[in-house]
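Trainee:
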Amino acid sequence: KAGVTQTPRYLIKTRGQQVTLSCSPISGHRSVSWYQQTPGQGLQFLFEYFSETQRNKGNFPGRFSGRQFSNSRSEMNVSTLELGDSALYLCASSSPPDSFENIQYFGAGTRLSVL
Amino acid sequence: LAKTTQPISMDSYEGQEVNITCSHNNIATNDYITWYQQFPSQGPRFIIQGYKTKVTNEVASLFIPADRKSSTLSLPRVSLSDTAVYYCLVGGTNAGKSTFGDGTTLTVKP
């Protein structure tokens with residue numbers, strides 16, 4: 015069974031640009047979560063999607079958005095990039111999302127560098 | 003949200019048993035305890051999960067006392083490749099209801 019796939023693996027952008035990251039969950043998983051990881055802030059929860067609906071959202075500005083498609087694939091978008099957005103962006107999928115023992119399976123991440 | 007507290011770092015030597023303790027005083031009745039391992043520039047990898055007492059799998063054991071306010075991840079006979087950050091996660095049914103703490107950086111020395 016293929017794991018969680020994130021594309022691209024690396025990305026370099028300049029301030030003010032926007033970026034879209036993609037995540038393909040494990041087959042059969044319908045919940046996808048996104049995290050931002052930086053050396054200073056650790057793993058920060060961005061948002062979670064299930065059946066194309068955002069179920070939870072972390073404490074990030076509106077420049078960070080996401081969506082989920084009918085095949086459970088998800089994208090996240092960051093508009094008007096800032097230097098502080100440089101980070102490793104991780105996607106995790108899980109199933110079934112409403113079981114108490116929810117285990118998240120992570121992709122390798124997308125390393126975003128904002129210059 | 004259940005907040006977790008772990009030691010920031012630990013050192014060990016190859017072949018030793020390592021125990022990493024996580025404190026989670028406000029754990030809720032339905033919360034499970036999950037541990038993840040993360041290598042640099044990779045996503046966290048699931049290690050083990052438990053609700054109470056003891057759970058063991060092929061790579062680790064998880065000890066949870068009756069009050070569930072803490073848990074201990076036990077790694078038997080560590081090797082250099084076990085050098086990583088270990089996260090304790092306490093949470094409920096979906097990702098937004100649980101948070102990753104700062105993790106414990108384990109360094110295994112030869």
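For the protein sequence lines, the chains are A and B, in the order given.
Take 15 as the starting number for the first sequence in my numbering and just add one per residue.
Take 3 as the starting number for the second sequence in my numbering and just add one per residue.
In this text, a Cβ means the ideal position worked out from N, Cα and C, and glycines have one as well.
Got a sec, what are the start and stop residues for the beta strand (DSSP E) GLN50(A) sits in?
Mentor: Looking at the DSSP string, the run of the beta strand (DSSP E) that includes GLN50(A) is 45 to 52.
Trainee: Secondary structure at SER36(A), three-state DSSP: helix, strand or coil?
Mentor: Correct three-state label for SER36(A): strand.
Trainee: Measure from the alpha carbon of THR106(B) to the alpha carbon of each residue in LEU35(A), LEU57(A), CYS37(A) and LEU129(A), then state which is nearest.
Mentor: Among LEU35(A), LEU57(A), CYS37(A) and LEU129(A), the Cα nearest to that of THR106(B) is on LEU57(A).
Trainee: Are THR31(B) and VAL92(B) touching if we call contact CB-CB under 7 Å?
Mentor: No, the Cβ-Cβ distance between THR31(B) and VAL92(B) is not below 7 Å.
Trainee: For the putative contact between PHE162(A) and SER45(A), defined by C-beta atoms under 8 Å, what is the C-beta separation to the nearest angstrom?
Mentor: The structure shown does not extend to residue 162(A), since chain A spans only 15 to 129, so no value can be given for it.
Trainee: Closer than 7 Å, CB to CB, is PRO42(B) near chain A or not?
Mentor: It does not: the Cβ of PRO42(B) has no partner Cβ on chain A nearer than 7 Å.
Trainee: Count Cβ pairs between the segment 31 to 43 of chain B and the segment 64 to 78 of chain B that sit closer than 8 Å; are there 3 or more?
Mentor: Cβ pair count under 8 Å is three or more, so yes.
Trainee: What does the alpha-carbon distance come out to for the pair LEU60(A) and LEU129(A)?
Mentor: Cα-Cα distance, rounded: 22 Å.
Trainee: For VAL80(B), which beta-bridge partners are listed by DSSP?
Mentor: Note: VAL80(B) sits in no beta bridge, so no partner.
Trainee: Any beta carbon from chain B within less than 7 Å of GLY42(A)'s own beta carbon?
Mentor: No, its Cβ sits nowhere closer than 7 Å to a Cβ of chain B.
Trainee: CB-CB under 7 Å to GLY42(A), same chain, minus the five flanking residues each way: which ones, in chain order?
Mentor: Excluding sequence neighbours, GLY42(A) sits near SER109.
Trainee: Classify PHE120(A) as buried or exposed, calling it buried when 16 or more other Cβ atoms lie within 10 Å of its own Cβ.
Mentor: Label assigned to PHE120(A): buried.
Trainee: Looking at the secondary structure, which residues open and close the beta strand (DSSP E) in which PHE59(A) lies?
Mentor: Element bounds for PHE59(A): 56 to 64.
Trainee: Leaving aside the five residues before and after ASN27(B) along the sequence, list all residues of the same chain whose C-beta is less than 7 Å from its C-beta, in chain order.
Mentor: Once the five neighbours on either side are set aside, the close Cβ partners of ASN27(B) are LYS71.
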